[in-house]
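K.L.:
Please see the structure below; I have some questions.
In the working numbering, the protein residues as written are 1 to 107.
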């Protein structure tokens with residue numbers, strides 16, 4: 001009986017883990033429609049993006065500009081079939097910076 005109560009409490013607590021505010025913004029602004037956390041879909045996985053920009057000078061500025069202006073290009077030696085659309089008109093600059101900073105932490 002005790003074991004069931006403990007397991008139930010643990011499972012219940014896992015469902016109440018809050019999402020990071022920036023992840024909520026990424027979902028709200030449609031980022032997760034093309035970018036999953038762990039696997040490439042329409043766009044590269046968020047963890048792949050974080051690893052690609054890791055240790056690059058001005059990584060946040062570079063990724064911010066990519067999100068803001070969009071564009072295609074090589075991704076790990078392969079061209080993506082769908083270019084990143086620009087988001088300058090639909091994501092506020094401070095929100096975009098928050099999302100970019102969060103993405104870069106997801107290595």
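Virtual Cβ for every residue (Gly too), placed ideally from N, Cα, C.
Specify the secondary structure class of residue 37 as computed by DSSP and reduced to three states.
P.N.:
coil
K.L.:
May I ask you to list the residues that DSSP assigns as paired with residue 71?
P.N.:
Its beta-bridge partners are 84.
K.L.:
Going by other Cβ atoms of all chains shown within 10 Å of its Cβ, with 16 needed for buried, is residue 70 buried or exposed?
P.N.:
exposed
K.L.:
Kindly list the residues whose CB is nearer than 7 Å to the CB of residue 60, restricted to its own chain and excluding five residues on each side of it in sequence; keep chain order.
P.N.:
Here the set comprises 100, 101 and 104.
K.L.:
Span of the alpha helix (DSSP H) holding residue 48?
P.N.:
Residues 46-53.
K.L.:
Can you tell me whether DSSP reads residue 107 as helix, strand or coil?
P.N.:
Residue 107: coil per DSSP, three-state reduction.
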